[in-house]
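Asks: Take a look at the following structure, please.
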Amino acid sequence: MRLSHTLFTAAAIAALSSTAFAQAQLPPLKVGLMLPATGTFAALGDMIERGFKLHVEEQGGKLGGRTIQYFKVDDESEPSKATDNVNKLIKRDNVDVIVGTVHSGVALAMARAAKDSGTLLIVPNAGADAITGPQCAPNIFRSSFSNWQPGYATGVVAAGKGYKRAMTITWNYAAGNETVKGFTEAFEKGGGKVIKDMSLPFPGVEFQPLLTEIAAQKPDVVFAFFAGGGAVKFVKDYDAAGLKKSIPLVGSGFLTDGTLEAQGASAQGLITALHYGDNIETPRNTAFRNKFAVANKVNPDVYALQGYDAAQMLAIGLASVKGDTSKKDALYAAMNKAQIDSPRGKFTLSPQRNPTQDFYVREVKGNYNVVTGVAVKALADPGRGCKP
Ligand code: BEZ
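Residue numbers (my numbering): 322 to 709.
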């Protein structure tokens, strides 16, 4: 009895110290941040990085017991450079995981490269439906949304307000077109009709002819998808054209997120739908907002949140394999089945690895997107076309 106990203890100590030894041997985890640092989405990329790093710092600078080494590429929100840019991280820097990006067109190229190389990719914003649809792969995750989701949620809100005739306006690229599709699906299901879709090339801001067309058509409501610098200009131009007084403007929440100081009076009262809002009064969100503000001297927005949750998802996966990224199946399984304790509210991932989450109705008050209700609870992307 005594002998077997001694043997067991010795074996346990040996096993423990070999795990500790193996962990001590693991090199820093190479994290590739591919985000826009220039152009209309530059501020969005910056907030994602700040959010990601906040969670890493909360973990003592280590995930799964490994220190983090960052590699950065400015993707310029330029799809034509995306494959070359992502291959700098995959082939030159040999990163363990890529976190990126904001622009759907760039993210589609990143997803192709991640699928081909088997590199873990966590998308902290870009909503391109195909990423968790036909282009899905076990190593591709999203901490944000699919474009369909906020579009659909805003369509529910607009139909619920009794609007019947809508016009839509956006940039002509995957995010704009897919968000409009989601809006149209819900708005028409709710009894409305989209009478005209309008677009301009990304990242153009020549809104004037389109605003003239809106004034001529006089719809009950206008739905817009713009973000970053383009959203600032659009909201101000809509107001300056005198339309804000006569034709209600709604949008997926990117229209007013991270933009309110620059939009000023022109944004006041705008209604949007999104998976985050500034005043979610839970201890989890309050702690996140306070820590973020102290660390960055600025309030977080939805992009900071999505970066933070990308790090949370990675942390959960790495903890399950004690930092050993060669255990891919276990790593991905842990990430996929996790419940993420997000400041937005707890969420899970769909089988296609996209967040299933609540979408809030928000109203702009001062410099805040104030949550006034829930547009759709636990909205799951349909994941159309994903063959896991
Ligand atoms: C996108 O390209 O997917 C996107 C960009 C900014 C905000 C939301 C979505």
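Think of the CB as a built atom: it goes at the ideal place given N, C-alpha and C, for glycine as much as any other residue.
Going along the chain, which residues of its own chain have a beta-carbon closer than 7 Å to the beta-carbon of GLY366, five neighbours each way excluded?
Replies: Only LEU356, PRO357, ALA358, VAL423 meet the Cβ criterion.
Asks: Do GLY628 and THR580 have their C-beta atoms within less than 9 Å of each other?
Replies: Cβ atoms of GLY628 and THR580: not closer than 9 Å.
Asks: Name the DSSP bridge partner or partners of MET519?
Replies: Note: MET519 sits in a beta bridge opposite ILE490.
Asks: Give me the residue from ALA479, THR500, GLN529, GLY525 with the minimum Cα distance to LYS514.
Replies: That would be ALA479, whose Cα lies nearest to the Cα of LYS514.
Asks: Over what stretch of residues does the beta strand (DSSP E) that includes VAL394 continue unbroken?
Replies: Start and end: 387–395.
Asks: Determine whether the beta carbon atoms of GLN470 and ASP702 lie at a separation below 9 Å.
Replies: Against a cut-off of 9 Å, the Cβ pair of ASP702 and GLN470 comes out as a contact.
Asks: Below 8 Å on the Cβ atoms is my contact criterion, and I expect THR693 with VAL682 to pass it. Report the Cβ-Cβ distance as a whole number of Å.
Replies: Rounded, the Cβ-Cβ distance is 5 Å, consistent with contact.
Asks: For ASN493 and GLY382, what's the separation of their Cα atoms in angstroms?
Replies: Answer to the nearest angstrom: the Cα atoms are 40 Å apart.
Asks: What do you get for ASP560, buried or exposed, if any count of 16 or more other CB atoms within 10 angstroms of its CB means buried?
Replies: So ASP560 ends up on the buried side.
Asks: Please classify ARG665: does DSSP put it in a helix, a strand, or coil?
Replies: Correct three-state label for ARG665: coil.
Asks: Residues in its own chain within less than 7 Å of ASN688 by CB, not counting five upstream and five downstream?
Replies: So the list reads LEU581, GLU582, once near-sequence residues are dropped.
Asks: Which of the three DSSP states is assigned to ASN468 in this structure?
Replies: Correct three-state label for ASN468: coil.
Asks: State the DSSP-derived secondary structure class of TYR629, mapped to helix, strand or coil.
Replies: In the structure shown, TYR629 sits in a helix (DSSP, three-state: H, G or I).
Asks: In the DSSP output, what is ARG463 paired with across the bridge?
Replies: Per DSSP, VAL444.
Asks: What are the residues that DSSP puts in a beta bridge with PHE544?
Replies: THR489, VAL571, per the DSSP bridge assignment.
Asks: Which value, in whole angstroms, describes the spacing of the CA atoms of SER438 and ILE411?
Replies: When rounded, the distance between both Cα atoms is 8 Å.
Asks: When the distance is taken between beta carbons, is GLN678 closer than 9 Å to GLY704?
Replies: Against a cut-off of 9 Å, the Cβ pair of GLN678 and GLY704 comes out as no contact.
Asks: I'd like to confirm something about GLY366: is its beta-carbon nearer than 8 Å to some heavy atom of the ligand BEZ, or not?
Replies: No; taking the cut-off as 8 Å, the Cβ of GLY366 has no heavy atom of the ligand BEZ nearer than that.
Asks: Near THR646, which residues of its chain fall below 6 Å by C-beta distance, leaving aside the five closest residues on each side in sequence?
Replies: Only ASP417 meet the Cβ criterion.
Asks: Suppose contacts are defined by Cβ-Cβ distances below 9 Å. Is ALA507 in contact with GLN529 by that definition?
Replies: For ALA507 and GLN529, no; Cβs fall outside 9 Å.
Asks: May I ask you to verify whether the stretch 639–657 touches the stretch 344–354, counting CB pairs closer than 8 Å and requiring at least 3?
Replies: Yes: at least three Cβ pairs fall under 8 Å.
Asks: Closest to GLY421 by CA distance: which of ARG413, LEU441, ASP414 is it?
Replies: It is LEU441 whose Cα lies nearest to the Cα of GLY421.
Asks: Can you give me the C-alpha to C-alpha distance between GLY511 and VAL691, rounded to a whole angstrom?
Replies: Cα to Cα, GLY511 sits roughly 24 Å from VAL691.
Asks: Can you tell me whether LYS566 is helix, strand or coil according to DSSP?
Replies: Here LYS566 sits in coil by DSSP.
Asks: Counting along the chain, where does the beta strand (DSSP E) carrying PRO530 start and finish?
Replies: Looking at the DSSP string, PRO530 is not in any beta strand (DSSP E); the run it does join, the alpha helix (DSSP H), is 529–538.
Asks: Is the separation between the beta-carbon of PRO676 and that of ASN606 shorter than 9 Å?
Replies: For PRO676 and ASN606, no; Cβs fall outside 9 Å.
Asks: Could you tell me if VAL615 is buried or exposed, where buried requires 16 or more neighbouring beta carbons within 10 angstroms of its beta carbon?
Replies: Flag for VAL615 reads exposed.
Asks: Just to check my reading of the structure: LYS554 and SER587 have Cβ atoms closer than 8 Å, yes? What is that Cβ distance to the nearest angstrom?
Replies: Not quite, the Cβ-Cβ distance comes to about 10 Å (not below 8 Å), so this is no contact.
Asks: Rounded to whole angstroms, what's the CA-CA distance from CYS707 to SER567? Just pull it up for me.
Replies: Answer to the nearest angstrom: the Cα atoms are 43 Å apart.
Asks: Tell me whether ARG387 is buried or exposed, calling it buried when 16 or more other Cβ atoms sit within 10 Å of its Cβ.
Replies: Under this definition ARG387 is a buried residue.
Asks: Within 10 Å of its beta-carbon, does PHE342 have 16 or more other beta-carbons around it, so buried, or fewer, so exposed?
Replies: Low confidence applies here, because PHE342 scores a pLDDT of 47, under 50, leaving its location unreliable; read the following figure in that light. Flag for PHE342 reads exposed.
Asks: What span of residues does the alpha helix (DSSP H) with ILE369 cover, start to end?
Replies: Per DSSP, ILE369 belongs to the alpha helix (DSSP H) from 363–379.
Asks: Using a 10 Å radius around the Cβ and a threshold of 16 neighbouring Cβ atoms, would you call ARG463 buried or exposed?
Replies: Answer is buried; the Cβ neighbour count reaches 16.
Asks: Given a cut-off of 9 Å, decide if VAL543 and ILE490 are closer than it, judged by their beta-carbon atoms.
Replies: Yes. Within cutoff.
Asks: I think THR593 touches THR475, with their Cβ atoms under 8 Å apart; what is that distance to the nearest whole Å?
Replies: Indeed, because the Cβ distance is near 7 Å, the residues count as touching under 8 Å.
Asks: Out of PRO459, VAL556, GLU370, GLY551, which has the shortest C-alpha to C-alpha gap to GLN584?
Replies: That would be VAL556, whose Cα lies nearest to the Cα of GLN584.
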